[in-house]
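Numbering (my numbering), first residue to last: -1 to 411. No residue lacks a Cβ here, since even glycine has one placed at the ideal position from N, Cα and C.
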Ligand SMILES: [Zn+2]
């Protein structure tokens, strides 16, 4: 299309972000709590549904509480989907997830005003759950739409108070036995706008990021075993100190990620020391390694090198080491033609853009193996996220919303 590209007003974004940002606010500036199926979550869904109706969308809630606003297409039965998640982390910000819904709303509103009805149906979704804040149900909204929820999840997943997911759903009028009906097979593309949650765009002054891939991850539990001895009576050269070995291993793991360079990251965050006495040489240390990279082959290579290094260090120190894989998530490459469409939409509006991987997980990684999927990032001030300080200026939100509108117009009109 050669018409001028749709432009979302800064004021509109300001208004939407401010109003949704009050729902679940603990106290001004104290962060949000909107957990799946709690009262704030329900109020947020009602507000978004009202806005969807006001802009002229057909509103519907599915079996798990995903809220949809649909703009029916004139030709095709397939649907172009945009949106993100409406739940938050504990004491989270106003932008994570919410901004993908609000920019989608503003973008579709602008498209209706400037272009009328699309050829393909356009649908905005407020996904019910992504963060695993209340139940270990991560990506619950997307997984329901993809038919990927285990039959035992509703009755076995419990929150901190022992309430099952099924009971929490019933409390807000949803039927957990109907989850299967949330499945969708008509979605032909998914485009999600999200805050970057890091500081690359902010530091560079680049207006939008076009996500190339969502990072993959490997979790390892490393157990190092030596021998407990008296801390005073055992000379240094006669010790089998598990902690000294583990310390060297964590250094080796992080050094490998540093040598690989961005975006490789390695984190050793959870530690247990046995027996854990001030005056006892540590007998056994278990620590975690969280390794992430958006390219599977690099992830494999780094994980292999870390394993070799740990074994080498253990052998040299006379220690035993075991490495257990506890979790693996494959990287999710984003659709290349869609990345190109986003790039052109940005260029057409004079918006600076760069390709970049996502270091955080997103709903898009659930969708990518099934339908062409793409993500637009907008800057996070100082890279802050998952905290009350999370902030993206309204002008930056509007720029992202306009690029989203241009992208949706190209795909759906
Ligand atoms: Zn998010």
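Cβ-based neighbour list, residue i, same chain, cut-off 6 Å, excluding 5 preceding and 5 following
i: residue 56; result: 68
i: residue -1; result: Unreliable placement is indicated for residue -1, whose pLDDT of 47 sits below 50; no coordinate value is reported for it.
i: residue 132; result: 33, 34, 157
i: residue 272; result: 281, 282
i: residue 266; result: 248, 285, 287
i: residue 221; result: 284, 320
i: residue 40; result: 170
i: residue 77; result: 119, 121, 184, 185
i: residue 303; result: 254
i: residue 164; result: 152, 153, 174
i: residue 367; result: none
i: residue 336; result: 370, 372
i: residue 9; result: none
i: residue 112; result: 4
Beta-carbon proximity of residue i to residue j, cut-off 8 Å
i: residue 421; j: residue 307; result: Residue 421 lies beyond the stretch modelled for the chain, which goes from -1 to 411, so this question has no answer here.
i: residue 339; j: residue 397; result: no
i: residue 409; j: residue 187; result: yes
i: residue 119; j: residue 71; result: yes
i: residue 185; j: residue 406; result: no
i: residue 291; j: residue 262; result: yes
i: residue 300; j: residue 258; result: yes
i: residue 400; j: residue 26; result: no
i: residue 12; j: residue 392; result: yes
i: residue 251; j: residue 268; result: no
i: residue 219; j: residue 322; result: yes
i: residue 181; j: residue 143; result: yes
i: residue 117; j: residue 52; result: no
i: residue 427; j: residue 217; result: Nothing can be reported for residue 427: it is not among the residues displayed for the chain, which extend from -1 to 411.
i: residue 226; j: residue 279; result: yes
i: residue 224; j: residue 238; result: yes
Sequence-distant residues of its chain with Cβ nearer than 8 Å to residue i (five each side left out)
i: residue 277; result: 228, 229, 230
i: residue 413; result: Residue 413 lies beyond the range of the chain shown here (-1 to 411); nothing can be said about it.
i: residue 384; result: 87, 90, 91, 94, 195
i: residue 97; result: 15, 82, 191, 192, 193, 376, 390, 395, 398
i: residue 139; result: 62, 63, 64, 83, 123, 125, 126, 127, 128, 361
i: residue 344; result: 205, 206, 208, 350, 351, 401, 404
i: residue 38; result: 21, 22, 30, 31, 32
i: residue 167; result: 35, 62, 63, 152, 173, 174
i: residue 234; result: none
i: residue 178; result: 61, 145
i: residue 346; result: 3, 404
Chain-order list of residues whose beta-carbon lies under 7 Å from that of residue i (same chain, five-residue window excluded)
i: residue 359; result: 212
i: residue 137; result: 128, 361, 364
i: residue 333; result: 370, 371, 372
i: residue 328; result: 214, 294
i: residue 42; result: 18, 21, 22, 32, 84
i: residue 6; result: 104, 105, 108, 396, 399, 400, 403
i: residue 309; result: 319
Assumed close pair residue i, residue j - CB separation to whole angstroms, cut-off 8 Å
i: residue 126; j: residue 62; result: 5 Å
i: residue 121; j: residue 66; result: 6 Å
i: residue 84; j: residue 124; result: 4 Å
i: residue 380; j: residue 197; result: 6 Å
i: residue 378; j: residue 200; result: 6 Å
i: residue 312; j: residue 243; result: 6 Å
i: residue 50; j: residue 210; result: 31 Å between Cβ atoms; not a contact.
i: residue 28; j: residue 386; result: 6 Å
In the stretch 221 to 296, which residue ranges form an unbroken beta strand (DSSP E) of at least 3 residues, counting only runs that do not cross its ends? 263 to 265, 269 to 272, 282 to 291
If you pair each beta-carbon of the stretch 144 to 153 with each one of the stretch 32 to 47, do three or more pairs fall below 8 Å? no
Quick check on the DSSP output: what are the complete beta strand (DSSP E) runs of length 3 or more inside the stretch 75 to 153, in order along the chain? The qualifying runs are 77 to 83, 119 to 125.
Residue ranges of each alpha helix (DSSP H) within the stretch 282 to 364, 4 or longer: Runs of the alpha helix (DSSP H) inside the stretch 282 to 364: 294 to 315, 334 to 346.
Does the pairing of the stretch 305 to 322 with the stretch 346 to 366 give three or more beta-carbon distances under 8 Å? No, they do not touch.
3-residue-minimum beta strand (DSSP E) runs that sit fully inside the stretch 38 to 65, ordered along the chain: 56 to 59
Please specify which runs of the beta strand (DSSP E), each continuous and at least 3 residues long, are wholly inside the stretch 371 to 399, giving them in chain order. 371 to 376
So within the stretch 177 to 203, which uninterrupted alpha helix (DSSP H) runs reach at least 4 residues, ignoring any that extend past its ends? For secondary structure counted as the alpha helix (DSSP H) over 4 or more consecutive residues, the stretch 177 to 203 holds these complete runs in sequence order: 198 to 202.
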